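S.K.: What follows is a single structure, and I will ask about it in a moment.
Protein chains in written order, with this note's numbering: chain A, 1 to 375; chain B, 376 to 750.
Below, the structure is given as structure tokens:
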């Protein structure tokens with residue numbers, strides 16, 4: 001149940017890595033499986049591959065592939081003739097390590113015990129996720145990706161690719177992201193985690209086969225959804241309108257539309273996501289600090305050697321990873337001579353903007369990826 | 376235990392209202408008790424009284440009164456020679472209806488059952504809180520208050536005083552507040568409420584005498600504390616610093632300082648506040664819409680008759696009730712000819728700024744209240 005494939009996503013494949021994955025915390029994970037989907041055709045030179053990295057609760061289903069497929073989470077950007085043009089590029093998207101959409105995570109069976117890992121699963125980092133993605137790219141026979149693209153936590157993975165495998169990255173696009181998780185973002189994540197671990201059903205992470213911590217996970221998701229919108233977006237979308245009534249009920253049921261929306265988002269999420277995976281992926285995001293990572297890995301000096309073009313995109317109303325944080329990425333890259341472009345897109349819908357249809361992003365991405373062809 | 380008086384607050388008095396209080400939802404509450412404190416001396420003309428309205432989780436203890444008293448929540452503003460000068464003014468502060476600091480609320484005993492109300496307590500509004508305050512002011516023999524002052528949810532009470540008892544308000548000061556709760560603020564409150572009601576110990580509100588929903592209440596408080604600070608304040612206060620360690624632990628204990636801070640605030644709150652009171656007072660804030668209230672009560676047209684000066688103060692980094700929302704109050708009052716002044720104070724510490732020492736606020740308040748003397 002928890003290894004769910006997005007409904008209607010007929011194209012998901014699973015690859016089991018040959019060797020162990022050595023994690024940043026020193027642990028080794030054996031038999032890691034990676035769920036992924038691909039679109040388009042890899043050319044003979046294996047030079048037209050684009051890797052898409054998904055955000056916190058995403059999956060490998062970035063776009064529909066065949067007739068009858070459900071739309072993907074980036075359907076408007078990925079497909080024939082779209083910005084990430086599957087007629088030109090071989091596009092790959094895999095579920096992250098620690099996730100619950102087919103790739104090994106806390107709900108996977110621990111080979112040592114024969115039971116799901118739960119919180120015996122090691123705490124993984126964005127760097128670990130990227131290491132697994134690189135192993136998948138190896139498996140697909142690709143030395144160098146034409147581009148690595150991702151928003152939010154996916155953008156962190158893009159930055160980590162540049163740190164860990166610079167020679168394998170033709171170009172990078174990071175949207176609505178940050179080079180290090182801020183105290184505010186850590187705070188939101190920690191409150192979401194506390195909501196989960198406070199649910200008695202969480203049972204210290206070993207709830208598989210029993211009741212899941214659905215109430216705690218639902219509240220955690222509501223917190224997330226507040227950060228994905230914006231004051232203005234909420235005002236336009238809901239204002240103070242009541243749901244299915246004209247007057248206050250003077251009770252504690254959801255009566256404002258914004259309350260109904262949050263309840264709906266919470267309930268929907270519980271059906272598709274594993275609470276422990278939310279703990280692990282938010283933790284990986286909190287640990288993320290690319291400058292620290294570059295320093296620790298001695299890669300800061302090598303930055304100047306990176307000659308691939310890089311694009312950073314922010315959104316005006318994103319207050320989770322605001323424009324100033326995206327600009328910090330640009331500053332860091334510029335300091336080390338990377339060919340980096342920056343674009344702030346006017347949008348009133350908050351952090352979620354990067355997932356929504358945008359002519360502006362389509363134009364920018366199309367131009368940027370085309371530029372990469374001639375680099 | 377729940378009718379706790381702030382530790383060291385020796386001056387709290389309790390007044391039991393003579394008649395019933397008729398609430399906005401139509402219910403009647405019998406035998407309402409109001410916990411309050413006073414400072415200074417009421418003059419012979421009974422014209423020097425100032426009512427201070429506390430915020431969400433405050434109490435009557437705005438300031439210390441006698442030697443040995445604990446400092447109050449607005450200690451820097453209230454006292455001899457301070458902005459709200461207890462050498463000149465007779466200052467009153469009472470705990471709100473629905474609270475848990477001495478005034479009747481959900482943890483009070485329901486006279487009909489002999490057991491605590493729990494969620495049998497009626498859902499109250501900001502207007503109901505003000506009605507109880509007015510009864511207290513009656514009891515103290517005061518016809519007209521020199522000023523009504525409050526920040527945040529206390530500021531909503533100030534606005535409600537102007538709507539319900541305009542002839543009894545000499546002047547009003549509303550800080551860091553809003554004329555109607557926004558969708559974003561409702562969203563934060565609803566997630567806090569959901570965190571409480573998801574705790575199995577909440578038991579539909581009837582937990583008195585048993586285990587209290589401490590875990591849910593703690594998470595609710597953490598959510599609140601995120602909204603009281605600001606991105607910048609959190610960055611300066613905590614950044615990405617770790618608590619008592621140099622390296623990541625790769626586990627789910629609190630390790631960032633901001634996490635420890637939130638845990639501390641959550642745990643501290645559980646000891647002093649009743650979960651049901653948080654449900655009731657946040658709900659009252661969500662219902663708050665002074666323009667709607669003025670319209671419904673036919674008081675909009677009377678606004679032009681209000682000749683008392685009014686002061687609105689906002690803080691630059693407050694994103695719970697941002698400057699634009701405070702300006703909306705100013706616009707509304709101006710539209711109806713009220714003598715309203717506005718000041719935005721530069722502050723990097725977020726919504727909490729109104730509670731912190733501020734030379735700027737001291738100067739503004741001192742001048743404004745003095746001006747009122749000659750009005």
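No residue lacks a Cβ here, since even glycine has one placed at the ideal position from N, Cα and C.
Please read these numbers as outputs of a predicted model, since none were measured by experiment.
Please report whether the beta-carbon of residue 562 of chain B lies at a distance below 9 Å from any beta-carbon of chain A.
M.R.: Interface residue, yes.
S.K.: For residue 194 of chain A, go through chain B and note every residue whose CB falls closer than 7 Å to its CB, in chain order.
M.R.: Under the 7 Å cutoff, chain B gives 594, 597.
S.K.: Could you name the residues of the region 536-558 of chain B whose beta carbon sits closer than 8 Å to any beta carbon of chain A, in the order they occur along the chain?
M.R.: Answer in chain order: 555, 556, 557, 558.
S.K.: Can you pull the chain B neighbours of residue 239 of chain A, defined as C-beta to C-beta under 8 Å?
M.R.: The answer, in chain order, is 558.
S.K.: Could you round the C-beta distance between residue 316 of chain A and residue 347 of chain A to whole angstroms and report it? I think they count as a contact, below 8 Å.
M.R.: Indeed, because the Cβ distance is near 6 Å, the residues count as touching under 8 Å.
S.K.: From residue 580 of chain B to residue 451 of chain B, what distance separates their C-alpha atoms?
M.R.: Approximately 36 Å, taken between the alpha carbons.
S.K.: For the region 617-636 of chain B against the region 584-596 of chain B, are there 3 or more C-beta pairs whose distance is under 8 Å?
M.R.: No, the region 617-636 of chain B is not in contact with the region 584-596 of chain B.
S.K.: Look up residue 694 of chain B in the DSSP assignment and say whether it is helix, strand or coil.
M.R.: In the structure shown, residue 694 of chain B sits in coil (DSSP, three-state: anything other than H, G, I, E or B).
S.K.: Tell me the rounded alpha-carbon separation between residue 36 of chain A and residue 72 of chain A.
M.R.: Taking the straight line from one Cα to the other gives about 13 Å.
S.K.: Can you give me the C-alpha to C-alpha distance between residue 565 of chain B and residue 663 of chain B, rounded to a whole angstrom?
M.R.: Distance between the alpha carbons of residue 565 of chain B and residue 663 of chain B is about 14 Å.
S.K.: Report yes or no: is there a C-beta of chain B within less than 9 Å of the C-beta of residue 257 of chain A?
M.R.: Chain B, which has a Cβ nearer than 9 Å to the Cβ of residue 257 of chain A, makes this yes.
S.K.: Start and end of the beta strand (DSSP E) containing residue 526 of chain B?
M.R.: Taken as a continuous stretch (DSSP letters only), the beta strand (DSSP E) holding residue 526 of chain B covers 522-526.
S.K.: Apart from the five residues just before and just after residue 22 of chain A, which ones in its own chain have a Cβ nearer than 7 Å to its Cβ?
M.R.: For residue 22 of chain A, where only same-chain residues beyond five positions count, the Cβ hits under 7 Å are 28.
S.K.: Go to residue 602 of chain B, then tell me how far its alpha helix (DSSP H) extends in each direction, as first and last residue.
M.R.: Looking at the DSSP string, the run of the alpha helix (DSSP H) that includes residue 602 of chain B is 589-603.
S.K.: Count Cβ pairs between the region 260-269 of chain A and the region 173-182 of chain A that sit closer than 8 Å; are there 3 or more?
M.R.: Because the criterion of three Cβ pairs below 8 Å is not met, the region 260-269 of chain A and the region 173-182 of chain A do not touch.
S.K.: For a contact defined as C-beta to C-beta under 9 Å, what are the partners of residue 610 of chain B on chain A?
M.R.: The contacting residues are 182, 183, 184.
S.K.: Could you give the DSSP three-state label for residue 383 of chain B: helix, strand or coil?
M.R.: Caution applies to residue 383 of chain B, whose pLDDT of 40 falls short of 50 and renders its modelled position unreliable; the value that the coordinates give is listed next. Reduced to three states, the DSSP call for residue 383 of chain B is coil.
S.K.: Report the neighbours of residue 283 of chain A on chain B: residues whose CB is nearer than 8 Å to its CB, in chain order.
M.R.: What residue 283 of chain A touches in chain B: 627.
S.K.: Check this for me: beta carbons of residue 297 of chain A and residue 342 of chain A, under 9 Å apart or not?
M.R.: No.
S.K.: For residue 642 of chain B, I'd like the list of residues in its chain whose CB is within less than 8 Å of its CB, leaving aside the five on either flank, ordered along the chain.
M.R.: Closer than 8 Å at Cβ, skipping near neighbours: 593.
S.K.: Counting C-beta neighbours from all protein chains within 10 Å, is the total for residue 383 of chain B 16 or more, i.e. buried, or is it exposed?
M.R.: Low local confidence applies: a pLDDT of 40 at residue 383 of chain B is under 50, so the model's placement there is unreliable, with the coordinate-based value given in what follows. With fewer than 16 Cβ atoms within 10 Å of its Cβ, residue 383 of chain B is classed as exposed.
S.K.: By Cβ distance, which residues of its chain are closer than 7 Å to residue 563 of chain B, with the 5 residues on each side in sequence left out?
M.R.: Once the five neighbours on either side are set aside, the close Cβ partners of residue 563 of chain B are 598, 602.
S.K.: Fully enclosed by the region 65-106 of chain A, which beta strand (DSSP E) runs are 3 residues long or longer?
M.R.: The qualifying runs are 90-94.
S.K.: Can you give me the Cβ contacts of residue 463 of chain B inside the same chain, cut-off strictly under 8 Å, excluding the 5 residues immediately before and after it?
M.R.: Taken in chain order, the residues that qualify are 415, 423.
S.K.: Any residues in the region 199-220 of chain A with a beta carbon nearer than 8 Å to a beta carbon of chain B? Which ones, in chain order?
M.R.: Residues passing the 8 Å Cβ filter: 199, 200, 215, 216, 218, 219.
S.K.: With DSSP run on the structure shown, which of helix, strand or coil describes residue 575 of chain B?
M.R.: Looking at residue 575 of chain B - three-state DSSP - the assignment turns out to be helix.
S.K.: Would you say residue 46 of chain A and residue 141 of chain A are within 9 Å of each other, going by their C-beta atoms?
M.R.: Cβ distance < 9 Å, so residue 46 of chain A and residue 141 of chain A count as in contact.
S.K.: From the DSSP output, which residues share a beta bridge with residue 432 of chain B?
M.R.: Answer is none; residue 432 of chain B lacks a bridge partner.
S.K.: For residue 719 of chain B and residue 737 of chain B, which I take to be in contact (beta-carbon distance under 8 Å), what is that distance rounded to the nearest angstrom?
M.R.: Residue 719 of chain B to residue 737 of chain B, Cβ: 16 Å. No contact.
S.K.: Suppose you measure from the CA of residue 652 of chain B to the CA of residue 481 of chain B; what does that come to, to the nearest Å?
M.R.: Roughly 6 Å separates the two Cα atoms.
S.K.: Hey, is residue 248 of chain A's beta-carbon within less than 9 Å of any beta-carbon in chain B?
M.R.: For residue 248 of chain A, the answer is yes, since a Cβ of chain B falls inside 9 Å of its Cβ.
S.K.: Residue 549 of chain B: which of B:386, B:392, B:733, B:701 sits nearest, CA to CA?
M.R.: Checked all of B:386, B:392, B:733, B:701; the closest Cα to residue 549 of chain B is B:701.
S.K.: Mapping the DSSP letters down to three states, classify residue 390 of chain B as helix, strand or coil.
M.R.: Looking at residue 390 of chain B - three-state DSSP - the assignment turns out to be strand.
S.K.: Starting from residue 422 of chain B, trace the alpha helix (DSSP H) in both directions and tell me its first and last residue.
M.R.: Careful: residue 422 of chain B lies outside any alpha helix (DSSP H) and carries neither H nor E.
S.K.: List the whole-angstrom C-beta distance separating residue 338 of chain A from residue 369 of chain A, where the pair is believed to meet the contact cut-off of C-beta under 8 Å.
M.R.: Contact flag wrong, Cβ pair sits at about 17 Å.
S.K.: What's the gap between the Cα of residue 539 of chain B and the Cα of residue 459 of chain B?
M.R.: C-alpha separation (whole angstroms): 24 Å.
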